[in-house]
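Working notes, structure below.
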Amino acid sequence: MSSIYEEGSDMSESQTSGKIAEPMGPLHDEKSDIPQPEPKTIDDTVSVDNCEHSLSDDEEIIQDFAQNPMMDRVQAALHKQLMKTYDRVKRELLEQEEAFRVAKKQREDCGVSLYGHQQRLARLQQTLETANASYSNIVEFRQKDEAELDELKMRCGASKSSADKMRKNVDASQKELDSLNETLRQVKKYDDEMKSEIAVTKRATRKVDEDMKNLEKRKLSQDFYIDSLNEQIRRLEEDIALSEAQLTVQLGQTNEAKEMLQETVEELDRIAFEKKQLVLQWKSSLVALARRDEALSVAKGVLKDTLSATRDAEVETEGIRREIKKAVEEHESLLSLRNRLDTEAKSIEEATLKLRAEHQETLSEYDMLEKSLINANEREAQAHSLANSISSKMSSVNNSIDLVTRERHALEEKIDSAKHEQSAMLKATNNLKQTEKSLLAKIHEKEFEAANIQNELARISIDILNNEGRNHHLQEKLKEVKGALEEKNVQVEKREVDIKRRSNEIEQKMHKVDKLNRQYEKMTDGLEEPEALGPLEATIKSYKKDIEQEDEEIQAMQRQWLSDQTSLVQTISDADAVQDKNRELSAKANILNQKRLRLSQEIHMNESEIKSLEGNIQGMHSDMSRLNSLIGRHAETLSDLHHKNAIMDNEFAQELKDLEGTAMKVDEEIADINATKSRILDQLIEVEKQILSYEKKIQLEKETRNTLDNSEEKDEIKGMEREIYRMRHRLESMRRDQEKMIREMEQAIYKREDIAVKYRNKGSDRTSGPVKAKVMSAADIKRQKNEYKKQLKGIEVDISKLREKMKSSQQQVDELYDEMDRANTRYSQLEVTLKDLQNAIDTQTFEKQRILARSDRVHSMRNSYESINRSKNGATDGDENGFQGNYQRLVDSVEDIKNIQRLVTNLRLKHPEIDDMLQKVDFLASDVVEECL
156 MSSIYEEGSD MSESQTSGKI AEPMGPLHDE KSDIPQPEPK TIDDTVSVDN
206 CEHSLSDDEE IIQDFAQNPM MDRVQAALHK QLMKTYDRVK RELLEQEEAF
256 RVAKKQREDC GVSLYGHQQR LARLQQTLET ANASYSNIVE FRQKDEAELD
306 ELKMRCGASK SSADKMRKNV DASQKELDSL NETLRQVKKY DDEMKSEIAV
356 TKRATRKVDE DMKNLEKRKL SQDFYIDSLN EQIRRLEEDI ALSEAQLTVQ
406 LGQTNEAKEM LQETVEELDR IAFEKKQLVL QWKSSLVALA RRDEALSVAK
456 GVLKDTLSAT RDAEVETEGI RREIKKAVEE HESLLSLRNR LDTEAKSIEE
506 ATLKLRAEHQ ETLSEYDMLE KSLINANERE AQAHSLANSI SSKMSSVNNS
556 IDLVTRERHA LEEKIDSAKH EQSAMLKATN NLKQTEKSLL AKIHEKEFEA
606 ANIQNELARI SIDILNNEGR NHHLQEKLKE VKGALEEKNV QVEKREVDIK
656 RRSNEIEQKM HKVDKLNRQY EKMTDGLEEP EALGPLEATI KSYKKDIEQE
706 DEEIQAMQRQ WLSDQTSLVQ TISDADAVQD KNRELSAKAN ILNQKRLRLS
756 QEIHMNESEI KSLEGNIQGM HSDMSRLNSL IGRHAETLSD LHHKNAIMDN
806 EFAQELKDLE GTAMKVDEEI ADINATKSRI LDQLIEVEKQ ILSYEKKIQL
856 EKETRNTLDN SEEKDEIKGM EREIYRMRHR LESMRRDQEK MIREMEQAIY
906 KREDIAVKYR NKGSDRTSGP VKAKVMSAAD IKRQKNEYKK QLKGIEVDIS
956 KLREKMKSSQ QQVDELYDEM DRANTRYSQL EVTLKDLQNA IDTQTFEKQR
1006 ILARSDRVHS MRNSYESINR SKNGATDGDE NGFQGNYQRL VDSVEDIKNI
1056 QRLVTNLRLK HPEIDDMLQK VDFLASDVVE ECL
């Protein structure tokens, strides 16, 4: 619609300019009976303004329609109707133009007179003044353009210097990245060595721990020793399997990371290659544009030569007017050539626009790459924050390690002094000392290596900070270069607009000059004697020279524009090179970040292993103190035995009898041990009973869920679902009403078209006949314009009514959505309360089962205590020994239950998905231990 209005305004301007330029004939002439168009009045201009205002309102209404996606069909129907009216108005406009051309020709034929000649001279003086004013404006524009050209040259030099500095900075950062890669490789190597040595020490400490436990339990039973060895083998196999699985997972992750990096590198290379091809195409198009401009300048030179030849021929003699007419025909052919060249120039401009669009696409791709670079920088910042937190944790851990190592060194010195006093230790203890010394030496070496690694990490973090500052500086420079390029593009577009405007003005002036030449020829055809050249001819000649100078200046500016375009291409290629280097740096930075993350993971693993080693070492120290106490007791017993040896020789016979009695007691203890074994089996049966109770609990939970499903909350939920269903039906009905309203709008549009066609046909019937050949007057046009205004007002009223209906329907839809949201929130709250009730029921049932189990155990213990009290009345020495055996078995059973608790805690850590069930088992085991104690 806006294009239609612009064409109408252009036509009105051309018509008004034609009225000014055409000659005014005398008031009473032979051809004055021809009807002439009436001049425009103030009322006509006001009506035109009102029409334009109403048309702008129509445009706003159409834009509002486009905002609503449900008005697509109405908009399509309205667009179809407007296109039909556009075609009809266009045909009428062409007919009016043809009528106007005929009337204008008649007026020109009847306006050849002396009065018209004087008026022509006055208009020529006015054109002279406008030409002087335009010349002064052109001179000012030229000076401004030269000043801007100097500024552009200065900026170009500054951008080249900044690009050189950026290249130097990129080289320096590349060297620093290489050094960082080397240091990271060394750190990884040290970390691998540390990991292997810590694994060796871990295995050795575990072996030592198991050996110590076996030494303690060797006196009790050989069977326990064999079971512990089997358990140790199983654990070692599990650790080996876990380490192998971790190794496979890490290898898979590294391969995936390598593949991802390779794909990103290939994608970046492809984008860079496409960008280079686009730049080369741009350069070739600029060269072709320069060649076409040269051809255009040659054609213009030929045109100027022909014009000068015609002017000389007109000045020399009037007798060779026929040759002048031939030159005029040649001139018209050259004008056609010029028009053809103009069309080629327009096609070239379209090609440049396409290239600019492609350039915009490449710029958008560049923006995307910049965003990815920003994301990479953000990830790098996060990695730096993680590295700082890790370094702080490492410093605290190192401080604690230093304190522990000092205490450990003091304890080791005490242990060494105690070991020197215990020269009668067994070979097993000597071997254990040697292994412990080797482990301590390795631990000290690892501590020194950890300190060195910490120093290397600190230095790497400093280098990373320096690289971040440099990258930030390079990004700022890149933004400055982009801003300068955008300013240059804006200036180039302004110059292109100025050039087009000036070329249009020159073409208009050339048309006016050609028109004046034709009128001059018509005036001089009837004269016999040659006319003398007057001052106006001289001024015309000077104006033509000025026009030629302006054409030369325009060509020079076009050449300058081409040179600026080539320099712009060069700067873009330089910027692409800088972007490639930035991409390489960002890729290397990402690789370094990945390496740093791996190092941090390995450091965490090493820290956990060091903690486990420290715990094992503390256990070893406690075991050593226990061994020392046992050795002291053993020495005391040996001395007592040496002192009592003589007495025991005298009482040997009696001791033999006592030994026989003790043998009987041992048999009884064996029977007691078998009884304890059966009791443990009974405990296992109780555990199975507990499992059955858990199954009963599950059944209870199912029953509670069924009861909850049959409760009042289920009715509320069903009511809410029915309400949601009603809301959905209401929404569908509103949509059907909205669809009906849109169909009514379409029918109204088609009805309006039918009414317009009907009345238009009536108007055409009225104007048929002999009056149809006449040209429409201003009153008819005004009347038709008022009718169009009335139709537009009716359309606006219909549109406002439809908008109100749409707003009301939209409000109803919003209310429905709000009600649905409230229902959903209420439903979610009910679900949360249902879950809370379910959890409360679970806890209550578990407490119930726990209390029942505790009451059963209390009942069984009461029975056992009663039996002990009954047997205590007739107790003997043998019964006391049996009681001690029972107590020892009870202690052993408590230890077994504690081992089960440890196993449950490990399972809770490994399998958090069944934490609730394992926690309940742990509670039951702790209840049993408390009751036993």
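Read in order, the letters of the sequence shown are residues 156 to 1088 in this note's numbering. Just so it is clear, CB atoms sit at the ideal spot from N, CA and C, and this is done for glycine as well.
- In this structure, the CA atom of LEU332 is about 40 Å from the CA atom of ASP305.
- With respect to SER1010, GLN838 sits apart: the two C-beta atoms are not nearer than 8 Å.
- Ranked by how close their Cα comes to the Cα of ASP382, the residues GLN261, ASP366, GLU707 have ASP366 in first place.
- Secondary structure of HIS1066 (DSSP, three-state): coil.
- Exposed is the label assigned to GLU986, since fewer than 16 other Cβ atoms lie within 10 Å of its Cβ.
- Separation of ARG877 and ILE996 (C-alpha to C-alpha, rounded to the nearest whole angstrom) is 30 Å.
- Apart from sequence neighbours up to five positions away, no residue of its chain approaches SER780 with a beta-carbon distance below 8 Å.
- If you ignore the 5 residues before and after ALA400, its C-beta comes within less than 7 Å of no other C-beta in its own chain.
- As the crow flies, the alpha-carbon of GLU642 is around 10 Å from that of GLU648.
- Of the residues SER718, ILE426, VAL355, the one whose Cα lies closest to the Cα of LEU307 is SER718.
- Non-local C-beta neighbours of VAL325 in its own chain, meaning closer than 6 Å and more than five positions away in sequence, comprise LYS736, ordered along the chain.
- Collapsing the DSSP output to three states places LYS799 in coil.
- The alpha carbon of GLN298 has as its nearest neighbour, out of MET712, ALA512, MET349, LYS330, the alpha carbon of MET712.
- By the Cβ test, the region 351–362 is in contact with the region 757–768, since at least three Cβ pairs between them sit closer than 8 Å.
- The beta carbon of SER722 sits closer than 7 Å to those of CYS311, all from its chain and outside the five residues before and after it, given in chain order.
- By the Cβ-count criterion, ALA744 is buried, with 16 or more other Cβ atoms from all chains shown falling within 10 Å of its own Cβ.
- In this structure, GLN280 is the residue among GLN280, GLN1074, LYS239, ALA258 with its C-alpha nearest to the C-alpha of ILE695.
- In the pairwise beta carbon analysis, the region 225–245 is classified as touching the region 893–903: at least three pairs are separated by under 8 Å.
- The region 419–437 makes contact with the region 724–738: 3 or more CB pairs, one atom from each, lie closer than 8 Å.
- Rounded to the nearest whole angstrom, the C-alpha separation of LEU490 and LYS667 is 14 Å.
- Counting C-beta atoms within 10 angstroms of its own C-beta, THR980 has fewer than 16 neighbours from the protein chains shown and is therefore classed as exposed.
- In this structure the region 657–666 does not lie against the region 747–757, because fewer than three pairs of beta carbons, one per stretch, are closer than 8 Å.
- Excluding residues up to 5 positions away in sequence, ASP300, MET712, TRP716 lie with their Cβ nearer than 8 Å to the Cβ of ARG650 in the same chain.
- In this structure, LYS343 and LEU629 do not form a Cβ contact; the two beta carbons are roughly 29 Å apart against a cut-off of 8 Å.
- Taking 3 residues as the shortest admissible run, the region 383–440 contains no complete beta strand (DSSP E) segment at all.
- Comparing C-alpha distances from GLN845 to each of ARG1012, LYS245, TYR880, ILE786 shows the shortest one belongs to ARG1012.
- Sequence-distant Cβ neighbours of GLU250 in its own chain, meaning closer than 6 Å and more than five residues away, do not exist here.
- The Cβ-Cβ distance between SER452 and GLN710 falls below 8 Å.
- A check of alpha carbon separations from LEU633 across GLN646, ILE727, GLU703 identifies ILE727 as the nearest.
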